[in-house]
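Accompanying notes for the structure given below.
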Amino acid sequence: MSTLGPRELKRDIGARLFKFRGDIEAEMAHYHPRGQLIITSYVRGVNAYIEEARKDPESLPIEFKLLNIVPEPWTPEVVFSRHQGLLGNIGDEIDIGRAVALLGAEQVKALSWFHPNDPILELDPAIDSALLFEPILELYEAYRRPVRFEPEDFVASAGNPGQNDFQNWAANQDREDKWTAGSNNWAIKGDLSQSGYPMLANDPHRTQAAPSLRYMAHLVGPGWNVIGGGEPEIPGISIGHNEYGAWGLTVFRTDAEDLYVYLTNPDHPDQYWYKGAWETMRVIRDTILVKGQEPVIVDYKYTRHGPVLYENPEKQQACAMRCGWLEIGGSPYLASLRMGQARNFEAFREACSYSHIPGENMVWADKAGNIGWQAVGIAPIRRNFSGMVPVPGDGRYEWDGYLPIQAKPNVYNPKSGVIITANENVTPAGYDYPEALGYSWSDPYRGNRVREVLLSGRRHSLADMARLQTDYLSIPARQLLPLLMKVDLKDAELIAAVSYFKDWDYQLAPNSIAAGIYNEWERQLKKAVSDKMVPQQARAYLNPQLKQVIDWLYAPDGRWGEQPLQARDAILVSSLQKALRELELRLGSDLSKWEYGQPNYKHITLRHPFGRAVKEDIRAKLEVGPAPRGGNAYTVNSTGGNDNQSSGASFRILIDTGDWDHCLGTNNPGQAGDPDDPNYRNLFKIWAKDQFFPVFYSREKVESVKAELLILE
0 MSTLGPRELK
10 RDIGARLFKF
20 RGDIEAEMAH
30 YHPRGQLIIT
40 SYVRGVNAYI
50 EEARKDPESL
60 PIEFKLLNIV
70 PEPWTPEVVF
80 SRHQGLLGNI
90 GDEIDIGRAV
100 ALLGAEQVKA
110 LSWFHPNDPI
120 LELDPAIDSA
130 LLFEPILELY
140 EAYRRPVRFE
150 PEDFVASAGN
160 PGQNDFQNWA
170 ANQDREDKWT
180 AGSNNWAIKG
190 DLSQSGYPML
200 ANDPHRTQAA
210 PSLRYMAHLV
220 GPGWNVIGGG
230 EPEIPGISIG
240 HNEYGAWGLT
250 VFRTDAEDLY
260 VYLTNPDHPD
270 QYWYKGAWET
280 MRVIRDTILV
290 KGQEPVIVDY
300 KYTRHGPVLY
310 ENPEKQQACA
320 MRCGWLEIGG
330 SPYLASLRMG
340 QARNFEAFRE
350 ACSYSHIPGE
360 NMVWADKAGN
370 IGWQAVGIAP
380 IRRNFSGMVP
390 VPGDGRYEWD
400 GYLPIQAKPN
410 VYNPKSGVII
420 TANENVTPAG
430 YDYPEALGYS
440 WSDPYRGNRV
450 REVLLSGRRH
460 SLADMARLQT
470 DYLSIPARQL
480 LPLLMKVDLK
490 DAELIAAVSY
500 FKDWDYQLAP
510 NSIAAGIYNE
520 WERQLKKAVS
530 DKMVPQQARA
540 YLNPQLKQVI
550 DWLYAPDGRW
560 GEQPLQARDA
570 ILVSSLQKAL
580 RELELRLGSD
590 LSKWEYGQPN
600 YKHITLRHPF
610 GRAVKEDIRA
620 KLEVGPAPRG
630 GNAYTVNSTG
640 GNDNQSSGAS
650 FRILIDTGDW
660 DHCLGTNNPG
670 QAGDPDDPNY
680 RNLFKIWAKD
690 QFFPVFYSRE
700 KVESVKAELL
710 ILE
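So for the sequence shown, this note's numbering puts the first residue at 0; every next one is plus one.
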């Protein structure tokens with residue numbers, strides 16, 4: 000890599016291997032009838048700034064100055080890049096395959112929460128299980144992981160030799176984001192709202208970082224009057240409303256990735272066996288410039304299924320990955336260009352049919368009184384396999400096309416008057432195309448809490464919606480604590496700790512001692528039960544969800560031993576003891592100081608990618624925080640499982656379709672990307688306090704709060 004040197008070479012190879020190589024004009028036209036004009040105009044606008052900045056390097060953002068580089072001009076490929084396919088599952092596919100190789104398919108099913116359908120997990124006899132434990136995904140993982148900056152990457156005055164903290168933080172992000180990336184959204188009919196009109200709420204959960212990942216924007220032009228959250232590298236508004244309706248998104252688990260394993264020709268390693276004959280891989284030769292050394296010549300190889308990730312010529316093996324997101328239309332969120340002009344739910348569904356990546360629950364609410372839900376995302380149809388484990392690439396396991404997106408689950412004006420999605424399975428029972436659904440979904444707790452509140456029988460205001468988006472009630476706590484409270488405790492320390500739970504309202508709120516004790520106990524309990532149920536050799540590949548853990552605790556069976564109930568109670572107590580030891584090490588022996596939401600226990604500092612590799616004064620400028628937080632990965636206000644919140648809702652929007660000026664939002668930490676700009680971090684404090692600002696829409700209201708006017712000529 001010409002900027003960061005040979006350590007990032009595999010990232011460059013992976014990124015280029017998975018580059019979209021289809022018809023560029025067809026690709027741009029997919030996202031909007033005038034997609035080519037929109038995308039190329041957007042690129043010209045970016046390049047106009049780049050051209051000015053290259054003439055005056057002092058005007059460049061601080062990141063370029065620290066790295067001592069200048070930006071290169073954009074091309075349309077930047078706009079419709081695949082963003083690494085966003086939420087891929089190929090890593091899970093390999094892990095499940097490894098677990099099956101170790102334990103067998105049925106035991107893996109017993110240790111996993113696959114639903115609503117039962118997947119085929121048996122490995123084909125042609126698969127060499129030893130291959131699954133080789134570094135098959137090295138290139139794939141290299142280009143998906145966060146960029147790691149080191150002190151020597153920066154100008155001499157900026158580098159900080161103590162960068163290990165950042166590396167540890169990046170690794171934690173990888174582990175946590177796999178389980179907590181998601182979102183909440185919901186829509187309610189007018190007869191459930193105080194305004195009498197439908198309301199919509201959305202808070203997408205992504206990595207928390209500085210600068211902001213999304214930006215609040217209001218796009219006005221001929222045929223456009225749309226406001227909401229946009230992605231910084233693409234045109235359009237991915238979440239928001241126009242003058243007719245509003246929309247929001249959450250992740251709908253869809254599997255658009257498969258790993259194929261091939262037998263290769265010992266005399267011609269670029270050939271693989273397919274349907275009784277040798278086929279030749281397509282090979283593209285490339286030259287990569289590498290800082291500090293000679294250019295590297297690389298061959299990218301492709302089978303009929305996709306990019307070749309791994310080869311072992313000695314064993315006549317190769318692995319390739321089929322990715323739905325490499326088809327035309329695989330750029331995340333870019334189809335929102337069509338959504339921004341929808342005037343009713345049918346037009347919105349039509350726009351959604353162009354949204355291939357990621358799989359999403361698109362929820363709609365309009366001024367005419369309607370609400371709707373359409374699941375989107377490119378969904379391969381697999382007739383004879385599940386896609387949950389690797390399969391041979393010899394032609395016996397093929398995708399039978401893609402399910403039309405409008406045939407994916409959807410609903411319009413449900414009798415309940417509410418639509419709620421929170422990454423859990425909300426597919427109707429008896430859905431006609433089970434082979435196009437995913438098998439793994441998020442725990443149900445966030446969605447169940449939202450249902451509990453919205454279906455309580457009262458009318459809801461926008462302020463109620465704001466309280467629900469920032470709700471810290473833990474349904475797992477409500478389920479787990481009754482088990483613990485029934486145990487006859489003898490130890491005085493345990494009795495003292497449990498006394499904090501007696502009148503607790505199950506809110507994981509900052510400053511709550513009960514929340515502090517419970518959260519650490521939940522962590523220790525989940526680990527202890529998982530370790531008991533999952534054999535040691537498979538623990539690296541199977542991580543039972545909390546829903547499974549609670550089910551096992553409520554119905555202990557023979558796997559717990561001859562006395563399952565006593566064994567269950569013993570693990571409840573021993574995990575509490577471990578939690579108290581951990582809290583004592585971290586916070587001291589005084590229980591009254593074990594509050595949730597403090598610098599050593601549940602807080603947030605927004606990390607910048609450079610943060611741990613630059614000197615302290617620069618880091619202080621780039622990073623934002625700290626601030627106390629509450630919640631965890633299972634509360635509606637999802638704050639993840641790490642003590643420093645690294646994922647959750649940085650962008651929120653609450654919409655009353657009866658009055659477009661009666662909307663609320665937030666965008667953490669601010670609207671600007673320049674740390675010297677006051678708008679870089681000005682929204683952090685209100686976000687950290689779970690507060691909002693008004694999102695005005697009418698020209699009159701917007702003008703009334705105008706702070707600055709910039710006219711481009």
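Yeah, the Cβ is synthetic: ideal placement off N, Cα and C, and Gly gets one too.
These figures come from a predicted structure and were not determined experimentally.
If we count the other Cβ atoms within 10 Å of its Cβ and call it buried at 16 or more, is residue i buried or exposed?
{"i": "H31", "result": "buried"}
{"i": "A170", "result": "For A170, the predicted structure reports a pLDDT of 48, less than 50, and the residue's modelled location is therefore unreliable. A value from the coordinates is still provided. It counts as exposed."}
{"i": "L709", "result": "exposed"}
{"i": "P761", "result": "With the chain represented from 0 up to 712, any question about residue 761 goes unanswered, as that position is not in the structure."}
{"i": "E50", "result": "exposed"}
{"i": "F344", "result": "buried"}
{"i": "K260", "result": "First, the amino acid is wrong: residue 260 is Val here, not Lys. V260 comes out buried."}
{"i": "A109", "result": "exposed"}
{"i": "Y48", "result": "exposed"}
{"i": "A378", "result": "buried"}
{"i": "N681", "result": "exposed"}
{"i": "G745", "result": "The structure shown does not extend to residue 745, since the chain is modelled only from 0 to 712, so the question has no answer here."}
{"i": "P72", "result": "exposed"}
Could you give the first and the last residue of the continuous alpha helix (DSSP H) run that contains residue i?
{"i": "W686", "result": "683-687"}
{"i": "N46", "result": "34-54"}
{"i": "W551", "result": "545-553"}
{"i": "M484", "result": "474-484"}
{"i": "A100", "result": "89-102"}
{"i": "M320", "result": "Not the alpha helix (DSSP H): M320 falls in the beta strand (DSSP E), residues 316-322."}
{"i": "R698", "result": "698-703"}
{"i": "I61", "result": "61-66"}
{"i": "A141", "result": "137-143"}
{"i": "Q690", "result": "No alpha helix (DSSP H) holds Q690; DSSP gives it neither H nor E."}
With distances taken between CB atoms, is the gap from residue i to residue j smaller than 7 Å?
{"i": "H204", "j": "N424", "result": "no"}
{"i": "L605", "j": "Q292", "result": "no"}
{"i": "P509", "j": "Y595", "result": "yes"}
{"i": "L212", "j": "S649", "result": "yes"}
{"i": "L120", "j": "M387", "result": "yes"}
{"i": "N636", "j": "D470", "result": "yes"}
{"i": "D365", "j": "G244", "result": "yes"}
{"i": "Y499", "j": "S473", "result": "no"}
{"i": "Q478", "j": "I549", "result": "yes"}
In chain order, what residues of the same chain lie with their CB nearer than 8 Å to the CB of residue i, ignoring the 5 residues before and after it?
{"i": "R174", "result": "Annotation note: pLDDT 46 at R174 (below 50); position unreliable, coordinate value reported separately. Hits under 8 Å: none found."}
{"i": "T2", "result": "L66, I68, D152, K290"}
{"i": "E76", "result": "K18, F19, I23"}
{"i": "Q270", "result": "T263, N264, W277, E278, T279, M280"}
What are the start and end residues of the beta strand (DSSP E) that includes residue i?
{"i": "Y401", "result": "398-401"}
{"i": "N518", "result": "Not the beta strand (DSSP E): N518 falls in the alpha helix (DSSP H), residues 512-532."}
{"i": "G13", "result": "No beta strand (DSSP E) holds G13; the alpha helix (DSSP H) holding it covers 8-16."}
{"i": "R342", "result": "Looking at the DSSP string, R342 is not in any beta strand (DSSP E), and its letter there is neither H nor E."}
{"i": "E310", "result": "307-311"}
{"i": "R538", "result": "No beta strand (DSSP E) contains R538, which DSSP labels as neither H nor E."}
{"i": "H217", "result": "214-220"}
{"i": "V297", "result": "295-301"}
{"i": "E278", "result": "276-279"}
Please return the same chain residues whose Cβ sits closer than 7 Å to the Cβ of residue i, not counting the five positions on each side in sequence.
{"i": "F165", "result": "Unreliable positioning characterises F165 in this predicted model, as indicated by a pLDDT of 47, which lies under 50. A coordinate reading is not provided."}
{"i": "L482", "result": "L552, L571"}
{"i": "K18", "result": "none"}
{"i": "D176", "result": "For D176, the predicted model reports a pLDDT of 44, less than 50, meaning its position is unreliable and no value from the coordinates is stated."}
{"i": "Y432", "result": "L402, A406"}
{"i": "I233", "result": "V78, Y332, L333"}
{"i": "S335", "result": "G235, I236, S237"}
{"i": "Y396", "result": "N383, F384, V390"}
{"i": "A100", "result": "L122, S128, L131"}
{"i": "R580", "result": "none"}
Report all residues from its chain with a CB closer than 6 Å to the CB of residue i; omit the five preceding and five following residues, and keep chain order.
{"i": "F695", "result": "D660, V701"}
{"i": "M27", "result": "G34, Q35, I38"}
Legend entry - Completely contained alpha helix (DSSP H) runs for the region 576-649, where each covers 4 or more residues: The DSSP assignment places 615-621 as complete runs of the alpha helix (DSSP H) inside the region 576-649, in order along the chain (cut-off: 4 residues).
Inset, instruction - Only counting runs of 3 or more residues, tell me where the beta strand (DSSP E) segments fall wholly within the region 364-412, in order along the chain. - result: As far as the region 364-412 is concerned, its whole beta strand (DSSP E) runs of at least 3 residues are 370-375, 379-381, 398-401, 409-411.
Inset, instruction - Please go through the region 412-455 and give each complete beta strand (DSSP E) segment of 3 or more residues, from N-terminal end onward. - result: Fully enclosed beta strand (DSSP E) runs of 3 or longer: 417-420.
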